[in-house]
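Take 1 as the starting number for the sequence shown in the UniProt record's numbering and just add one per residue.
We put the beta carbon where it would ideally sit given N, CA and C, even for glycine.
Here's the structure, in structure tokens; my notes come after.
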Amino acid sequence: MTDAPRELTDAQLRALEEEYDPEARFRTVTRPIAILSGVILFLLSVYHFYTAGFGIPRATTHRGLHMGVSLFVIFLSFSALARNRHKTGGFAVLGVPVTDWILAIGGAVSAFYVPWIYDQLAFRVGNPLPIDIAMGTVLLVVLMEAVRRSMGWPLPVIAGLFIAYAYFGKSMPGILVHPGADWSNIVNHLYLTSQGIYGTALGVIATYVFHFVLFGVMAQKIGLGQLFIDLATALTGRYAGGPAKVSVISSAMLGTISGSSIANTVTTGALTIPAMIKIGFKRHFAAAVEASSSTGGQITPPVMGAVAFLMVEYLGIPLRTILIAAIVPAFMHFFGVLVQVHLEAKRLGIRGLRAEELPKAGKVLREGWLSVFPLVLLVWMLMSGRTPFLSAFWAITACIAVYLIQRVMAAGVVEGIKETAAGLYEGFVAGARQSLAVTAAAALVGVVIGIVTLTGVGFKIAFMVTSVAQDWAVGLHQFLTFLPFELFSIQTLTLLFTLLMTAVVCVLMGCGVPTTANYIIMVAVAAPVLGMMNVEPLVAHFFVFYFGVLADVTPPVALAAYAGAGIAGANGFKAGNTAFRLSMGKALVPFVFVFSPSLLLVTQSFTLPDFLLAFTGSVLGIVALSAAITNWLMGPLLTIERIVLPLAALMLIAPELTSTVLGMAILAAVVLRQYMAGGDRGGAIPAS
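Structure (structure tokens):
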């Protein structure tokens with residue numbers, strides 16, 4: 001393999017995204033089906049755009065309409081087997097197998113059924129008719145198949161296991177035993193009440209997330225994504241390892257309008273990964289930098305995938321509170337990646353980009369400032385307390401206005417209006433298409449949530465986890481009795497072990513389940529665990545969210561890392577390991593804000609001294625750990641320095657004054673030793 005970077009075409013990049021992102025594996029359809037599905041998706045976007053600005057109908061009607069239309073299009077857009085998505089089945093109508101038409105119509109009818117009988121639900125809940133059971137059964141089957149096609153097997157398997165748990169409750173072992181429920185009761189709870197399929201998860205997707213996905217598509221349409229990349233290049237490209245820093249900064253900026261790790265990796269990685277390889281970074285490292293940076297998009301305000309809006313519903317707090325809470329942890333993630341990139345560049349002596357390779361920041365802003373306006377408007381409206389869907393309505397409207405101005409200035413009035421209409425249609429279709437899989441997943445996750453509320457299994461799991469954690473804590477505390485002082489209390493150790501077990505489960509779940517679905521499930525199952533340890537609800541939700549996101553760069557799955565490796569021509573597993581290492585900031589910071597909630601800025605226990613202590617310790621701890629991992633600070637590290645720096649990092653991130661001071665002393669000693677030895681004093685590497 002040569003060191004020369006390879007350039008991929010748009011078709012190759014799309015194929016790469018399809019390979020690692022099941023949500024992008026659309027089947028090849030005939031022209032009539034393309035027109036039909038396109039028109040339906042466009043009308044779905046128009047419906048959501050209108051209701052965002054002028055009022056959302058009754059919740060069950062709104063959710064049922066959104067789900068029914070989405071399920072219908074899913075079976076037109078996704079084939080039963082991904083490998084056959086470019087083939088036509090034997091018995092087909094307009095190129096779509098008859099079985100898919102049956103599933104599409106069955107899903108739409110069963111989804112519309114509950115809104116249709118809504119006025120009678122008060123008399124049907126708890127005493128369903130046979131037709132209710134039949135419709136609910138059809139919807140459950142169709143949902144599982146829709147999610148399997150669009151996202152893979154893991155989530156349908158999990159939902160199936162939860163349903164089996166509800167049905168066979170009397171046969172469960174130990175504490176998990178419960179009276180059980182027959183099929184009629186299960187369908188009644190999951191289908192006819194707001195505790196299951198038509199619950200909060202689907203409501204958030206239909207009421208909030210769809211609009212922000214549509215905004216992200218339209219923002220890309222007006223060139224905001226390219227502006228971010230160009231601006232990041234102009235600002236950071238000249239410094240050591242320039243393209244890698246461009247990757248980090250541009251991904252942070254793109255994260256404000258997009259929450260898809262794989263899509264961000266492919267979008268920015270197509271430019272940054274070849275550039276990183278060209279100036280001397282190894283292929284797997286270039287892929288890992290892009291994957292780790294792009295994964296940060298899911299934790300970056302104001303979009304944060306779909307999770308910010310779910311938190312609004314689950315916690316009952318304003319969106320701006322959640323967005324403020326997300327600022328510092330998101331900064332820590334990108335700071336951690338940036339520090340490791342910088343140290344790696346210094347260690348390898350990798351230059352920045354030359355002046356002729358850099359765009360001019362002033363020129364970039366002069367030419368693209370108008371495309372920033374919709375994002376500024378969105379953030380201003382959200383922070384001023386407007387509802388998320390109304391804020392998205394005006395932001396999308398601003399995108400349409402900017403796009404019209406751009407097209408008219410480029411092609412004249414008549415042609416510009418035509419191009420705007422065509423672009424608006426494409427954007428609305430693309431936005432609705434991107435929401436298909438997450439809609440089906442949210443509805444199916446409602447099944448899991450419904451079973452949790454039906455059986456109370458969440459609190460049983462919480463009791464088991466905390467009991468095990470306490471046993472481990474007592475054992476370790478007894479082991480540490482030889483120390484002349486108490487290093488950790490039993491309560492602190494119990495919380496630490498509880499957090500570790502919760503983190504592991506979140507990452508394992510995230511390896512096969514999309515971030516949004518993983519978060520919803522873990523909120524139902526793991527959040528009660530942390531609640532029993534007196535962790536504030538906002539803190540608990542952020543903790544499970546962060547470790548769910550981490551799965552995108554955690555081997556052996558690490559889909560974002562594999563997508564980056566595909567662009568770089570690198571080993572995917574090696575890229576995944578490196579991406580996980582680069583994401584250490586994201587892995588450490590959740591533990592910090594559990595023990596020091598002030599880091600989230602808006603928690604009940606916030607105090608400025610606690611925040612400053614936690615923030616300073618986290619920043620210095622990330623630097624110390626990054627140096628140990630990279631084997632470079634101001635120069636190469638001695639063996640003893642590589643041993644003591646991780647210990648210093650742990651002391652620094654522990655939000656307690658004594659440990660922070662000790663950690664700072666160790667780090668200062670290493671810095672002083674390196675300085676006296678004539679280590680690199682920092683600064684940009686000349687671009688020659």
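Sub-8 Å separation of residue i and residue j beta-carbons
i	j	result
Ala159	Val513	no
Ala526	Cys399	no
Met144	Ala441	no
Leu538	Leu600	yes
residue 692	Ile396	The displayed coordinates of the chain run from 1 to 688. Any statement about residue 692 would go beyond what the structure contains.
Met651	Gly635	no
Thr321	Val602	yes
Val553	Ser292	yes
Ile257	Ala563	no
His211	Thr439	no
Gln226	Thr453	no
Pro528	Ala579	no
Tyr546	Pro329	yes
Phe123	Ala104	no
Leu559	Ala270	no
Tyr165	Val523	no
Ala288	Ala59	no
Where the alpha helix (DSSP H) through residue i begins and ends
i	result
Ala558	First-last for Ala558: undefined, no H or E at that position.
Val289	Arg283 to Thr295
Arg238	Per DSSP, Arg238 belongs to no alpha helix (DSSP H) and is neither H nor E.
Val39	Arg31 to Phe54
Ile131	Pro130 to Met151
Phe547	Pro537 to Leu550
Asn518	Thr515 to Val525
Trp472	Val457 to Phe479
Ala624	Leu608 to Thr630
Glu19	Asp10 to Tyr20
Lys586	Met584 to Phe595
Glu419	Val413 to Gln434
Gly107	Val98 to Trp116
Thr639	Thr639 to Ile653
Gly269	Ser261 to Lys278
Ser490	Correcting the residue type first, residue 490 is Ile in the shown sequence and not Ser. Run containing Ile490: Ile490 to Gly510, per the alpha helix (DSSP H) assignment.
Inter-residue Cα distance where the pair is residue i and residue j
i	j	result
Thr236	Ile299	22 Å
Arg681	His342	Confidence is the limiting factor: at Arg681 the pLDDT is only 46, short of 50, which leaves the residue's position unreliable and the question unanswerable from this model.
Phe497	Thr630	28 Å
Leu508	Thr516	14 Å
Pro686	Leu370	Legend: pLDDT at Pro686 = 38, less than 50; position of this residue unreliable, value from coordinates given subsequently. If you take the alpha carbons of Pro686 and Leu370, they lie about 34 Å apart.
Gly255	Gly38	27 Å
Asn127	Asn185	9 Å
Ser596	Val671	27 Å
Ala345	Gly241	5 Å
Ser688	Leu667	For Ser688, the pLDDT reaches just 30, beneath the cut-off of 50, and the residue's location in the model is therefore unreliable, although a value from the coordinates is still provided. Rounded to whole angstroms, Ser688 to Leu667 spans 33 Å at the Cα level.
Gly169	Gly617	48 Å
Met676	Lys278	34 Å
Ala624	Met135	58 Å
Gly683	His477	Note that Gly683 has pLDDT 41, beneath the 50 cutoff, so the model's placement of it is unreliable and no number is given.
Pro156	Leu637	49 Å
Leu81	Ile653	47 Å
Leu375	Leu231	15 Å
Val73	Leu121	27 Å
Nonlocal neighbours in the same chain, by C-beta distance under 8 Å from residue i, ignoring five residues either side
i	result
Met464	Ile175
Ala15	none
Residues near residue i in its chain [Cβ-Cβ closer than 7 Å; skip 5 each side]
i	result
Leu598	Reading off the sequence, residue 598 comes out as Ser, not Leu. So the qualifying residues of the chain are Ser605, Phe606, Thr607, Asp610, Phe611 and Ala614.
Gln674	Leu633, Met634 and Gly635
Lys360	Ala234
Gln340	Leu582, Ser626, Ile629 and Thr630
Ala587	Leu550
Thr268	Ile229, Ser247, Ser250, Ser251, Leu254, Glu290 and Ser294
Residues near residue i by beta carbon distance below 6 Å, same chain, minus five either side
i	result
Met1	Note on Met1: pLDDT 39, under 50, position unreliable in the model; the coordinate value appears next. If we look at Met1 and ignore the five residues flanking it on each side, it has no Cβ neighbours.
Ser391	Leu378, Met381 and Leu382
Ile222	Ser371, Cys399, Val402 and Tyr403
Ser435	Phe210 and Val213
Met276	Pro243, Ala244 and Ala286
Residue i: CB within 7 Å of a non-hydrogen atom of the ligand COA
i	result
Ile249	The ligand COA is absent from the structure shown, which contains no ligand whatsoever.
Beta carbon proximity, residue i to chain D, threshold 8 Å
i	result
Trp183	Absent from the structure is chain D; it holds one protein chain and no more.
Suppose only complete runs of 4+ residues qualify. What are the alpha helix (DSSP H) ranges in the segment 288-357, listed by chain order?
With a minimum length of 4 residues, the continuous alpha helix (DSSP H) runs that stay inside the segment 288-357 are 307-315 and 319-348.
Please list the segments of the beta strand (DSSP E) lying wholly inside the segment 180-234, counting only runs of 3 or more residues, in order along the chain.
You should have found no qualifying run.
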